[in-house]
Amino acid sequence: MARIVGEPVGRRRFVLLFVVPAVVLLLAAVWPLVAGGRTLYVRDFLNVHFEMKWTQQQAMERGTIPAVDLQRAGGQPHRANPNTVSFYPDNLLFLFASTFWAMNAHFWLHLFVALAAAWWMGRAFDLEAPAAWACAVVYAGSGLLLSTSNLYNLVAEVALAPALVAAMLEGGRGRPRLGFVATACIWALLLVGGDPLTAALIFAAALGAAATLQGRRAAWVPLGAGVVAGSLLAAPQWVELLRILETSFRGFQGFSTAAATVTSVHPWSVVEVLLPLPFRGPDFLFWGHRFHSNQIPLVFALYPGVVGLALALAAPWKGRRSAFGWGCVGLGLLLALGEHTPVVPFLLSLPGTGLLRLPVKFWLWVTLGLSVLAGLGVGSLATARGRVRLRTVLLAGALLYLGGWALLNGLASRVERWFSTVAPAGRFGTPFFAAERARWAGLCLLTLAVLALALGLVSLARRRPWWAAAGLLALHLAWQLFALRALVDTAPVEPLTERPPLADLIPEGSRVVHADHDDLFGPVDLPVGRYPDARQLWHEGTMHSELHPWSGVRWGWIYELDASPEGLDSFMTRAAAQALKRLPDVARIRLLRAAGVDYLLLTRDLDPAVGEAAPLVATQPGPGRDLRLYRIADPAPEVVLAGTVRGAPHMTAALERLLADDFEPSREVVLAGDVERRSGPPGKATVTARPGDGLEVAVESPSGGWLLVQRSYQSLYRATVDGARAAIAAADLHRLAIEVPPGAHRVILAVDLRPMRFALVLAGLGLAALLLGVRLLRSPASHEPRGVPEGPRRESR
155 MARIVGEPVG RRRFVLLFVV PAVVLLLAAV WPLVAGGRTL YVRDFLNVHF EMKWTQQQAM
215 ERGTIPAVDL QRAGGQPHRA NPNTVSFYPD NLLFLFASTF WAMNAHFWLH LFVALAAAWW
275 MGRAFDLEAP AAWACAVVYA GSGLLLSTSN LYNLVAEVAL APALVAAMLE GGRGRPRLGF
335 VATACIWALL LVGGDPLTAA LIFAAALGAA ATLQGRRAAW VPLGAGVVAG SLLAAPQWVE
395 LLRILETSFR GFQGFSTAAA TVTSVHPWSV VEVLLPLPFR GPDFLFWGHR FHSNQIPLVF
455 ALYPGVVGLA LALAAPWKGR RSAFGWGCVG LGLLLALGEH TPVVPFLLSL PGTGLLRLPV
515 KFWLWVTLGL SVLAGLGVGS LATARGRVRL RTVLLAGALL YLGGWALLNG LASRVERWFS
575 TVAPAGRFGT PFFAAERARW AGLCLLTLAV LALALGLVSL ARRRPWWAAA GLLALHLAWQ
635 LFALRALVDT APVEPLTERP PLADLIPEGS RVVHADHDDL FGPVDLPVGR YPDARQLWHE
695 GTMHSELHPW SGVRWGWIYE LDASPEGLDS FMTRAAAQAL KRLPDVARIR LLRAAGVDYL
755 LLTRDLDPAV GEAAPLVATQ PGPGRDLRLY RIADPAPEVV LAGTVRGAPH MTAALERLLA
815 DDFEPSREVV LAGDVERRSG PPGKATVTAR PGDGLEVAVE SPSGGWLLVQ RSYQSLYRAT
875 VDGARAAIAA ADLHRLAIEV PPGAHRVILA VDLRPMRFAL VLAGLGLAAL LLGVRLLRSP
935 ASHEPRGVPE GPRRESR
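What follows is the structure, given as C-alpha cells:
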C-alpha cells in the first residue's frame with residue numbers, strides 16, 4: 155500500500171487551516187438553533203418526535219422516563235420504542251431547557267459529533283491529519299447527515315457511524331484497551347440512539363472495515379468483548395423493545411415487500427448525486443415522487459457534494475483502504491436500489507425479515523465509503539499522480555455540467571415536457587416546469603463555478619498541498635451548506651407556542667381525535683394558502699393552529715388513534731385507525747363514542763345524518779379552511795364494569811358488534827377470542843388513583859364481569875385484584891379489560907417493572923465488564939503516539 159507523504163503540518167497550522175473554517179461554517183449554519191429563537195420544523199421533527207419528547211420531558215421533571223405515553227392513542231409504549239430515543243445521554247438537556255431547544259440541540263450537537271467521529275475514522279485508517287480531516291468534512295457535510303435534521307431517531311446513528319468503524323479498527327493497531335472501551339461505549343450509544351436496524355448496518359460496516367484491515371487475530375477478542383459489554387449496557391432499551399415487539403404492528407404483521415421497499419433509490423436518482431435537491435427540498439413543491447416509490451423521500455438529499463465526489467473519484471484505486479471505500483459504495487448502492495434490483499426483494503422474502511424496511515438507509519454505507527475515499531484523494535495531493543487524477547476528474551466534471559447547462563437551454567421545451575411526464579399529474583403547471591428547468595440550469599452554472607475554484611486550488615497543490623487541501627475542504631463545506639440549506643430550514647419558535655382559540659373550549663384531560671391526522675376521516679386536500687413559496691412552513695404553522703397532536707399535547711389532551719409511523723405502536727390501535735378510515739361518518743362517531751372520545755376536530759362538515767350524536771361546538775376560521783370542533787354525545791367513561799360479555803373470533807367480528815344498533819358501551823364489552831357469552835347487570839367502577847403509568851379502580855358488582863379500561867391493549871401491563879394476579883384481555887377492538895369476580899374489590903393496573911429491573915442488572919454487568927476490561931487490557935508502551943504529525947508518517951500496514 156502506498157505511503158501518504160506531504161509537507162510537515164504543525165498543530166497550530168492544522169487547526170487554523172482545517173479545523174477553524176469547518177467549525178465556523180457549521181456553527182454559522184446552526185447558530186439560529188443554538189441561540190434558541192428558531193427551531194427546525196420539517197415533517198417528522200414536529201409531526202412525530204415533538205409530541206414524544208414533550209411527554210418524556212414532563213415525566214423527566216417528575217423523575218422518571220415513562221413506560222407508556224398516556225397522551226397518545228390510548229397509551230402507547232414510550233421507552234420501549236427506540237424511536238423515542240428515551241435512553242440517550244443528551245436527554246438530560248430536557249431537564250434544563252425547553253422542548254424545542256433540547257430537540258434542536260440533539261441535531262446540531264451531532265453535526266459536530268459526526269465531524270469528530272469521521273476525523274477519528276480517518277486517523278484509524280492511518281491517514282495523515284489533513285486527509286483524515288477530509289473524511290470529517292465530507293461526511294459532516296453530506297446530504298445524508300443534513301437530511302437527518304427532520305429525523306430525530308436517525309441523526310445520532312448517522313453521526314456515530316464513523317466512530318464505531320474507528321473503534322473497531324483501533325483494536326488491530328495494538329490498542330486493545332481503546333478498541334474494547336470505545337467499541338463498548340459507541341455500540342451502546344447506537345443501540346439506544348433511535349433505530350436498532352440502522353445500528354446493525356453500522357455494525358456491519360465497522361466489521362467489514364476491521365476484517366479488511368485487521369492484521370491481528372488476537373485483536374478480535376477485545377472487540378468481541380466490547381460488543382458484548384455494549385449490548386449489556388444498552389439492555390434497558392432492547393429488553394423493553396422485545397416486550398412490545400410481538401403485539402406491535404411491525405412484529406405482529408410486518409411489512410409487505412412493497413411497503414418495506416418504499417424509499418428505494420431509483421436508478422434515475424443519479425441526478426440527485428450530481429445536483430443538490432433537483433426535485434426541490436422538503437416542501438409541498440417536491441415533484442420527484444416517481445423516483446421515490448411515489449412517496450415523499452425519507453432522505454431528502456443523496457447529494458455528496460461535487461468537490462467531495464471529485465476527491466473520492468481521484469483516490470488511488472489500489473490498497474485495502476480503497477477496497478473498503480469502494481466496497482461500501484458499491485454494496486450500499488446495490489442494496490439502496492431496493493425494489494429496482496432483485497437482491498432486496500429476495501432478501502425480504504426470507505423468513506424473519508418482516509421487520510426490515512426503507513432501503514435508502516443503505517446510503518449510509520455509500521456515504522461512509524465516499525468519505526474514506528475523499529480522505530485518500532486529499533492524501534494523494536502531495537503526489538504528481540494524485541494531482542493529475544484530481545485535475546482530470548474536475549475537468550471531466552466541468553465538461554459534464556457545461557453539457558448539462560447547454561442541454562437544458564438548447565432543448566428547453568423537450569426538457570420541460572419530460573419534467574411534466576414524471577411529476578405528479580395535475581399538480582403543477584407549465585410555468586412551474588419552466589422555472590424548474592431554469593433552476594437546474596442555474597445549478598449547473600453554480601457547480602461549474604465551484605469546479606473552477608477547485609481547479610484553481612489544485613494548481614496550488616504542487617508547492618503547498620495542504621494549503622490546497624484546506625481550501626478544497628472549506629469550498630466543499632461552504633457549497634454544501636449553501637446548496638442544501640433547505641434541509642436545515644428554521645422557523646420562529648414563538649408562533650408555534652401560542653395557544654389557538656379552540657384550545658380554550660377543550661378541557662384538560664379530554665380524549666380528542668383529529669380527523670385530518672393520518673386521514674382518519676378520509677383524504678384531506680391541503681389548500682395552497684397565502685404562502686405558496688414556503689408551503690412546508692405554512693403547513694406546519696397551520697397544523698399548530700389546527701391543533702394537530704404535536705400542538706395539542708401541550709394542553710393536556712389525549713389524542714386517540716394517533717399511531718406513529720414506525721410500526722412499533724400496538725397492532726390493534728393501527729387496525730382500529732384503518733377501520734375508521736373505511737367507515738361512513740355515522741359509524742365513525744359510534745366507534746369513537748365506544749372508545750370514550752370526547753371531542754372531534756375536523757376541517758369539513760360532518761355528514762348531516764350524524765345529527766345530535768356529535769353536535770358542532772365551535773368553528774375556528776383559518777387560512778384556506780375552517781376548523782370545526784364537535785362534541786361526541788355520551789361517550790363511554792374511562793372505566794366500565796360490564797356485565798354483558800361477548801367474544802369476537804376476529805377483529806372484523808369485533809368491529810361489527812361495536813357498530814351494532816343495540817351495542818351500549820357502558821354495559822357491554824367485546825373480548826377478543828372464543829369467549830363464552832354471558833349477560834349480567836353492570837357494576838360500579840371508580841378511578842381512585844393514578845400512580846405513574848398505572849390506574850387504581852374501586853369496583854363493585856353483584857355478579858362480576860370485566861373491567862373495561864379506555865387504554866390501548868399492551869403487553870407491558872400487569873393487573874391485580876385485591877393483590878392477586880388477574881387476567882387481562884384485548885377488548886372492544888383495541889382496548890383492554892380485566893376480569894373481576896363478584897363483590898367489592900380494588901383493581902390495580904400497572905406496568906410490569908420486573909423486566910426493567912432485569913435489564914438494569916444486565917446494564918450493571920455491562921458496566922462491570924467495561925471497568926474490568928479497562929483494568930486487564932494493556933496497550934504496548936512502544937506503540938507510536940497519535941497526534942497531528944510534524945512530518946512524513948510511515949504506513950503501518
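Numbering (the working numbering), first residue to last: 155 to 951. Even for Gly, the Cβ is constructed at its ideal location relative to N, Cα and C.
- So, helix, strand or coil for T575, using DSSP? DSSP places T575 in helix when its eight states are reduced to three.
- Query: Okay, do the region 217 to 237 and the region 322 to 338 touch, 3+ Cβ pairs below 8 Å being the bar?
  - Reply: Two segments are said to touch when three or more pairs of C-beta atoms, one from each, lie closer than 8 Å; by this definition the region 217 to 237 does not touch the region 322 to 338.
- Query: Which stretch, first to last residue, makes up the beta strand (DSSP E) that contains E850?
  - Reply: Looking at the DSSP string, the run of the beta strand (DSSP E) that includes E850 is L849 to S855.
- Message: Checking 8 Å against the spacing of the C-beta atoms, do L924 and A317 come in under that value?
- Response: Not a contact, by the Cβ cut-off of 8 Å.
- For V901 and V853, believed in contact at Cβ under 8 Å, the rounded distance: Right, the Cβ-Cβ distance comes to about 6 Å (below 8 Å), so this counts as a contact.
- Task: Identify whether G164 lies in helix, strand or coil by the three-state DSSP scheme.
- Result: Correct three-state label for G164: coil.
- Message: Since P330 and S418 should fall inside the 8 Å C-beta cutoff, what is the C-beta to C-beta distance between them, to a whole number of angstroms?
- Response: That belief does not hold up - the Cβ atoms of P330 and S418 are roughly 41 Å apart, past 8 Å.
- Message: Short of 6 Å in beta carbon distance, which residues of its chain neighbour V184, apart from the five on each side in sequence? Order them along the chain.
- Response: Result list for V184: W262, in chain order.
- Task: Would you kindly report the start and end of the unbroken beta strand (DSSP E) that includes S705?
- Result: It is not in any beta strand (DSSP E) - S705 instead sits in the alpha helix (DSSP H) that spans P703 to G706.
- Message: Which residue marks the beginning of the beta strand (DSSP E) containing S866, and which one marks its end?
- Response: Taken as a continuous stretch (DSSP letters only), the beta strand (DSSP E) holding S866 covers G859 to S866.
- Query: How long is the line joining the alpha carbons of P430 and G295, rounded to whole angstroms?
  - Reply: When rounded, the distance between both Cα atoms is 12 Å.
- Message: By the three-class DSSP mapping on this structure, what secondary structure does T773 have?
- Response: DSSP places T773 in the strand class (E or B) of the three-state scheme.
- Task: Can you give me the Cβ contacts of W633 inside the same chain, cut-off strictly under 6 Å, excluding the 5 residues immediately before and after it?
- Result: Around W633: V604.
- Item | At least 3 beta-carbon pairs within less than 8 Å: the region 236 to 245 vs the region 200 to 216 | Here the region 236 to 245 makes contact with the region 200 to 216; the two share three or more CB pairs at distances below 8 Å.
- Item | Nearest neighbour of V875, chosen from C482, Q864 and L849 [CA to CA] | Closest by alpha carbon: L849.
- Item | Test item: CB-CB of D716 and A234 under 8 Å | A234 is positioned such that its CB atom lies no closer than 8 Å to that of D716.
- Residue nearest to T806 in terms of C-alpha spacing, selected from V647, D886, T842 and T798: Minimum Cα distance to T806 is reached at D886.
- Message: Taking the straight line between their C-alpha atoms, what separation do you get for L931 and L387?
- Response: Each residue's Cα considered, the two are about 19 Å apart.
- From V319 to T366, what does the alpha carbon distance come to, in whole angstroms? Looking at the two C-alpha atoms, the distance is approximately 12 Å.
- Query: Any idea what DSSP makes of P513, helix, strand or coil?
  - Reply: Secondary structure at P513: helix, using DSSP grouped into helix, strand and coil.
- Message: Quick check: what's the CA-CA separation for V642 versus W287?
- Response: Spanning the two alpha carbons is a distance of roughly 23 Å.
- Task: Below 8 Å on the Cβ atoms is my guess for L602 versus A552; work out the distance and round it to an integer in Å.
- Result: Right, their Cβ atoms sit about 6 Å apart.
- Query: For G646, which beta-bridge partners are listed by DSSP?
  - Reply: Note that residue 646 is Pro in the sequence shown, not Gly. P646 pairs with R192.
- Query: CB-CB under 7 Å to G834, same chain, minus the five flanking residues each way: which ones, in chain order?
  - Reply: By the criterion of a C-beta distance shorter than 7 Å, G834 is surrounded in its chain by G797, T798, S857 and G859, once the five residues flanking it on both sides are discounted.
- Task: Kindly list the residues whose CB is nearer than 6 Å to the CB of V666, restricted to its own chain and excluding five residues on each side of it in sequence; keep chain order.
- Result: If the five residues before and after V666 are omitted, its C-beta is found closer than 6 Å to the C-beta atoms of W711, Y713 and Y753, all from its own chain and listed in chain order.
- Nearest-angstrom Cα distance between R539 and A469? Here the C-alpha atom of R539 lies approximately 10 Å from the C-alpha atom of A469.
- Message: Strictly under 8 Å for the Cβ-Cβ distance: is I356 near chain C by that measure?
- Response: Of the chains in the structure shown, none is chain C; there is only one protein chain.
- If you count every other CB in all the chains shown that lies within 10 Å of the CB of A878, and 16 or more means buried, which is it? Exposed, by the Cβ-count rule.
- Contact set for E720: own chain, Cβ-Cβ below 7 Å, skip 5 residues either direction: Excluding positions up to five away in sequence, the list reads N237.
- Tell me which same chain residues have a C-beta within less than 6 Å of the C-beta of L916, skipping the five on either side of it? Answer for L916: L386 and A389, listed in chain order.
- Message: Between which residues of its own chain and I743 is the CB-CB distance below 7 Å, once the five residues before and five after are set aside?
- Response: Take I743, set aside five residues on each side of it, and the residues of its chain with a beta-carbon closer than 7 Å to its own are V764, A767, A768 and I786, in chain order.
- Query: For K838, which beta-bridge partners are listed by DSSP?
  - Reply: Per DSSP, E854.
- Do the CB positions of L187 and N258 come within less than 8 Å of each other? Using a Cβ distance threshold of 8 Å, L187 and N258 count as a contacting pair.
- Report the residue from R571, L456 and H899 whose alpha carbon sits nearest the alpha carbon of L952. Past the boundaries of the shown model lies residue 952; the chain is included only from 155 to 951, so the question cannot be answered.
- Message: Let me check understanding here. Comparing Cα to Cα, which of W341, V346 and G348 lies closest to A358?
- Response: Considering only alpha carbons, the answer is W341.
- Item | Spatial neighbours of R929 in its chain, beta-carbon cut-off 7 Å, leaving aside the 5 residues before and after | No residues qualify anywhere along the chain.
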